[in-house]
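The sequence shown begins at 1 in the working numbering and counts up by one.
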Amino acid sequence: MQRSRRPAPLALLFLFLAAPALAKEPLQQRVEAKLAEAGPGPRFGLVVADADGRELIAINPDQRFIPASNTKIFTTAAAFAILKDLDQPDQSGGASVRLEGKDVPDVVLRGHGDARLSSAPDCVSDCLATLADAVAARTKRVRDVVGDDSLFPDERWSPGMSWNNIVSRYGTGISALTLDDNELAIRVVATSPGAPPKIELLPYYDIDNRAVTVASGETALSAERMPNSRLLRLSGTIAAGAEPEIVRVGIDDPAHFAAWRFKALLEARGVRVTGKVDVRHRPLGPGDDPKRRGAAPIARPAEPEALARLTPPPVTEDLVLINKVSQNLHAELMLRRVALVNGTGSIADGVAALQAMLERAGVPRTGWDFSDGSGMSTYNRVAPRTTIRLLRWIAAQPWGTQWRQTLPVGGVDGTLGRRFRGTPLQGKVFAKTGTINATNALSGYLTARSGRTLTFSAYANDVPEDVAATRLIDAALVLVAEEN
């Protein structure tokens, strides 16, 4: 009788040790390993949930992270949840103009929180020139030109925003009277090597031109200015023969800038301005904080009758702009417009509106803190699980599909236009990006290989300068999508 062969003890030991290596590691471990390729330093948070809310991946789900421009998710959701008639022309937001006084009146240009007022020569909608035409048709002589942004309290910058961002277009002042995105475009034209370039701009700032035209090489220009200073220093190089370079800088007092531009438009129409350019701000006071104000009703004085008032395009168009290209100024103004519904238009009232929305969404208070509406504040904190809960709540709202359409699409448009190209997620990621110093974020929805929709929220904080955290986050999401 032939005896059956049994594996030698050594062979059994080999099979026992090799079995784990032959089996595929759990997805969570593979995602963690992918993010760990960043090396020491970064702190990652990632939650991915299926349509039933079951978490497929949970890495530091309740730790709090600086969300950067993921803050705009919360701001734009609040706009959809709180504001009315978003798809209709914006009847409440447009700038207006009125005349005050007899004989030689003052011209008062008043802002109502619209972010899109334009003085561009080719403007076709929401144009400052329309208001200038109305004044010119009524009178040919005025005294002062006044920029009035008192609809909101004077909070031009949010707590926690770095002061060095103020000079840039990303940190420009916030005002109920906003013109041309509160930016000034400087056109720099190369001359001959060794000579300073030619500067072309509206004469609002004084320019200290320290830039140089070089024979060859890359153009690298920068503009520096101390907060509330009108002296702008331009430095760097521009190559001879290069196309003119546009450098955009921020405006510290948008109401003053708008009145200054309005004065020029009036004079171009034959209106003589005998007085000065002035502003009307409303100082921030105790009544602008809902915690200090209590339950007292908010009394707003009736506005005097306007000579003319603009009607901007629907607010939904602006919400698309905010999320697609991550427009900071517009997001800040949207928070203040939300705050005006039941408050005074202050940041504190805006945060109170966000809190009320998040309570409805079932989000615990421990999962978030906000100090602005754009994400420029480093005081903001969000946990990945908090964002997931909000995103799932948004998806269940009547306006959820419309809100999702405001998001950038991976490899297609907006701030995701160059990401996920050539991957299985091209055209299948709908998410808001976020980037600020040492911080990267991406939260939204993706379509997995199975066709299922997954909700995700990814954050990376404390990222060293030479670490590509966005690449690792994208790779981790591709990994998840391929396994589901």
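All C-beta atoms in this analysis are idealised placements derived from N, C-alpha and C, irrespective of residue type, glycine included.
Residue burial classification, V124 (beta-carbon count within 10 angstroms, cutoff 16): exposed
At least three beta-carbon pairs within less than 8 Å, the stretch 302 to 310 to the stretch 180 to 188: no
Residue(s) in a DSSP beta bridge with F485: Residue coverage of the chain in this structure runs from 1 to 484, which leaves residue 485 outside it and unanswerable.
Run of the beta strand (DSSP E) containing K558, from where it starts to where it stops: Given a span of 1 to 484 for the chain in the structure shown, any question on residue 558 remains unanswerable.
Separation of G285 from A79, as counted between CA atoms: 25 Å
Distance between beta carbons of T344 and I491, contact taken as under 8 Å: The displayed coordinates of the chain run from 1 to 484. Any statement about residue 491 would go beyond what the structure contains.
Distance between beta carbons of D114 and G94, contact taken as under 8 Å: 5 Å
Per-residue burial, S216 [other beta carbons within 10 Å of its own, 16 or more giving buried]: exposed
Touching by the beta-carbon criterion (3+ pairs, under 8 Å), the stretch 31 to 41 and the stretch 404 to 411: no
DSSP-derived helix/strand/coil call for V485: No information on residue 485 is available, as it lies outside the stretch 1 to 484 that the chain covers here.
C-alpha gap between E55 and A49, whole angstroms: 4 Å
Runs of beta strand (DSSP E) lying entirely within the stretch 253 to 328, each at least 3 residues, in chain order: 277 to 280
DSSP bridge partner residues for Y459 (one or two, in chain order): G45, A441
Three-state secondary structure assigned by DSSP to V104: coil
Given P186 as reference, the closest of A223, A176, E483 once Cα atoms are compared: Note that residue 186 is Ile in the sequence shown here, rather than Pro. Among A223, A176, E483, the Cα nearest to that of I186 is on A223.
Endpoints, alpha helix (DSSP H) assigned at A481: 469 to 482
Beta-bridge pairing of M357 - partner residues as DSSP gives them: Answer is none; M357 lacks a bridge partner.
Burial state of N323 (16 or more Cβ within 10 Å): buried
Euclidean distance between Cα positions of F74 and L354: 7 Å
Straight-line Cα distance separating E332 from F152: 12 Å
Per DSSP, cross-strand counterpart(s) of M161: S377
Proximity winner among E100, S150, E243, relative to G111 (alpha-carbon distances): S150
Residues near G173 by beta carbon distance below 8 Å, same chain, minus five either side: R156, W157, I166, N182, G250, I251, D252, D253, P254
Rounded Cβ spacing between L479 and F456 (contact assumed at less than 8 Å): Wrong, their Cβ atoms sit about 12 Å apart, outside the cutoff.
Classification of A268 by the beta-carbon crowding that lies within 10 angstroms, buried from 16 upward: exposed
Cα-Cα separation between L202 and S119, rounded to whole angstroms: 12 Å
Selection from P408, D369, P244, A361 that minimises the alpha carbon distance to V189: P244
Reduced DSSP secondary structure (H/G/I, E/B, other) of I388: helix
Assigned exposure category for I473 - 16 Cβ within 10 Å defines buried: buried
Alpha helix (DSSP H) segment containing A81, residue limits: 71 to 82
Cα-Cα separation between D154 and E482, rounded to whole angstroms: 50 Å
Residues that L333 bridges to, as DSSP identifies them: The partner list for L333 (beta bridge, DSSP) is empty, contrary to what the question assumes.
Status (buried if at least 16 other CB within 10 Å, exposed otherwise) for N342: exposed
Beta strand (DSSP E) segment containing K34, residue limits: Run containing K34: none in the beta strand (DSSP E); it sits in the alpha helix (DSSP H), 27 to 36.
Endpoints, beta strand (DSSP E) assigned at G422: First-last for G422: undefined, no H or E at that position.
Contacts around A352, its chain only, beta-carbon distance under 6 Å, and the 5 residues preceding and following it disregarded: P290
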